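What follows is a set of notes on a single structure, which appears directly below.
Residue numbers (this note's numbering): 13 to 230.
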């Protein structure tokens, strides 16, 4: 069983990386398929937690949320490491007559001055979510009183059939929850969580609030 799990996880990791490079054009379709059409709704939960006007989306992928924020005339900047995703998003925004600032870079080295944003959002984040360096950067570029919003999903049923399908679509990653929590704790932000929605799969919103009196933003 450990060998089978390792094989499945390795295959998933390989295919996941391809969706950000060679097969980026298929990302939206694959996301829709593995979530049974709920992916966009899950992602949009982040919009309900946006505060004030200057927003940074980290890891914007194919730009759907970036597009929605632009449509709402919110001052949004998007950061994404994948050049392929930048190309898809640029074309998508152009077709829709929208504009948003797109920056290619890493969450661990945000190319922004301190205290630049009121809200940082990241939905279904990649490996940077467990990296303490990324969370220190989030805290640095948030304004005092600002908010970090991370959206993911979690299983809320013991139904074996649902659990099997969920684990196939979202293979469990040993130790990731502990590393994620440690990175959050090291950020200096005040952490809380909200469960949104009902059913066997629910949206988990992790919030990191920066103290209103925090002046530590270089």
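Every residue gets a Cβ at the ideal spot worked out from N, C-alpha and C, and that includes glycine.
Every value quoted in this text rests on a predicted model; they were computed, and no experiment measured them.
CB contact below 8 Å: residue i versus chain D
i	result
residue 213	Protein chains in the displayed structure number just one, and chain D is not present.
C-alpha distance - residue i paired with residue j, whole-angstrom precision
i	j	result
residue 245	residue 222	Since the first and last residues shown for the chain are 13 and 230, residue 245 lies out of range.
residue 13	residue 40	Reliability of the predicted coordinates at residue 13 is poor, the pLDDT of 46 falling under 50, and the value obtained from them is presented with this limitation in mind. Using only the alpha carbons, I get a separation of about 32 Å.
residue 163	residue 217	5 Å
residue 142	residue 159	18 Å
residue 168	residue 175	9 Å
residue 182	residue 205	20 Å
residue 303	residue 173	Past the boundaries of the shown model lies residue 303; the chain is included only from 13 to 230, so the question cannot be answered.
residue 89	residue 178	32 Å
residue 76	residue 170	32 Å
residue 213	residue 69	24 Å
residue 208	residue 157	23 Å
residue 161	residue 60	10 Å
residue 46	residue 52	12 Å
residue 125	residue 112	18 Å
residue 155	residue 220	12 Å
residue 123	residue 79	21 Å
residue 93	residue 186	25 Å
Element boundaries [beta strand (DSSP E), containing residue i]
i	result
residue 205	202 to 208
residue 129	129 to 135
residue 89	87 to 92
residue 52	Note, residue 52: premise wrong, no beta strand (DSSP E); alpha helix (DSSP H) at 51 to 56.
residue 218	213 to 221
residue 118	Counting along the chain, residue 118 falls outside any beta strand (DSSP E), and DSSP gives it neither H nor E.
Buried or exposed (CB count within 10 angstroms, at least 16 for buried), residue i
i	result
residue 81	buried
residue 137	buried
residue 101	buried
residue 225	exposed
residue 195	buried
residue 83	exposed
residue 67	buried
residue 193	exposed
Own chain residues within Cβ distance below 6 Å of residue i, not counting five before or after
i	result
residue 211	none
residue 135	55, 58, 163
residue 63	130, 131, 159
residue 151	199, 200, 201
Span of the alpha helix (DSSP H), counted from its first residue to its last, around residue i
i	result
residue 156	Not the alpha helix (DSSP H): residue 156 falls in the beta strand (DSSP E), residues 154 to 167.
residue 188	188 to 198
residue 170	Taken as a continuous stretch (DSSP letters only), residue 170 belongs to no alpha helix (DSSP H), as it is neither H nor E.
residue 265	Missing from the structure shown is residue 265; the chain here goes from 13 to 230 and no further.
residue 81	76 to 83
Beta-carbon proximity list for residue i, same chain, < 8 Å, skipping 5 on both sides
i	result
residue 74	36, 39, 40, 97, 100, 101, 104
residue 65	86, 87, 130
Cut-off 7 Å between Cβ atoms - residues of its own chain near residue i, not counting five sequence neighbours on either side
i	result
residue 188	142
- request: Would you check if there are 3 or more beta carbon pairs closer than 8 Å linking the region 118 to 133 to the region 142 to 155?
  value: yes
Touch test, the region 127 to 134 against the region 103 to 112, Cβ-Cβ under 8 Å, three pairs minimum: no
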